[in-house]
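Chemist:
Residue numbers (the numbering used here): 87 to 362.
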């Protein structure tokens, strides 16, 4: 599933293309794409038509376009969702689930092979859609307090890896970047949160921010064609990964073969020498 760097990369591309644009047409081809819009496809299409995009936002793994009627078009990419900026006529993609046409003739396509992603129209609560209220700020938001977050981690009795995936206290971190941050912090994902010192918890959160920043700088992590940015281009952070997906390969720090285990039904990759 796309994590913070991938979603933010897509948001930037969509924002650059359509901020200030007026929506001319809306077509949804699969009811699952708007399954959270209780009144169905026809109302969703009608509600969006004619509105202007005034900006965009993101919290964790969710992004949205703000609209001039006080609502937001929320997009969750799910496992395979893509938003493409289409500037010239082309044949429809076989997994095209919806498209929004703008007054300048450009289009925003939502392509989603597995149909786990969705679009939704949501009222704003300040700068954030109301349905995002339960999601914690991520490390790039002004509201994020590293000290308070570290204190919360120290009260957790679950594994640190599981805690990093909990979007209610820190958002945007998924399997890839949790593994990478833990490797940088020399922490085994099976350690419990309450076994850490305050210093180590703060260090781990610093590594979370660093690895997300580095990934974002080169477009996120692409393993296959399911994640691309709004121009259809892959991200290159897969080349920089130290442990995720590298089971059996040598640790980039000490040369010990990387191991894979399962923590909370999720894969976890670690160095048995560096991470105790």
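Don't be surprised by glycine CBs; every beta carbon is placed ideally from N, CA and C. A quick note: this is a predicted structure, and the numbers were derived from the prediction, not measured.
1. Determine the extent of the beta strand (DSSP E) in which residue 335 is found, giving its start and end residues.
2. Buried or exposed: where does residue 297 fall if 16 or more other Cβ atoms within 10 Å of its Cβ makes it buried?
3. In the DSSP output, which residue or residues are listed as bridge partners for residue 161?
4. Can you list, in chain order, the residues of its chain with a C-beta nearer than 7 Å to that of residue 253? Leave out the 5 residues immediately preceding and following it.
5. Mapping DSSP to helix, strand and coil, what is residue 326?
6. Contact defined as beta carbons within less than 8 Å: I believe residue 109 pairs with residue 120. What is the distance between those atoms, to the nearest angstrom?
7. Grab me the residues of residue 295's own chain with a C-beta within less than 8 Å of its C-beta, minus the 5 sequence neighbours each way, in chain order.
8. Evaluate residue 193 with the Cβ neighbour count: other Cβ atoms within 10 Å of its Cβ, from every protein chain shown; 16 or more gives buried, anything less gives exposed.
9. Check whether the region 97–109 touches the region 328–345, taking contact to mean three or more Cβ pairs, one atom from each stretch, closer than 8 Å.
10. For residue 240, which residues of its own chain have a beta-carbon under 7 Å away from its beta-carbon, when the five flanking residues on both sides are left out?
11. One question on the structure: do residue 97 and residue 165 come within less than 7 Å of each other, judged by their Cβ atoms?
12. How would you call residue 343, buried or exposed, if buried means at least 16 neighbouring beta carbons within 10 angstroms?
13. What ranges does the beta strand (DSSP E) occupy inside the region 171–198, keeping only unbroken runs of at least 3 residues that lie completely in it?
Modeler: The short version:
1. Per DSSP, residue 335 belongs to no beta strand (DSSP E) and is neither H nor E.
2. buried
3. Per DSSP, 149, 205.
4. 146, 221, 222
5. DSSP places residue 326 in helix when its eight states are reduced to three.
6. That pair is no contact at about 15 Å.
7. 225, 226
8. buried
9. no
10. 279, 280, 282, 284, 287
11. Between residue 97 and residue 165, the gap from beta carbon to beta carbon reaches 7 Å or more.
12. Classification for residue 343: exposed.
13. 182–188, 193–198
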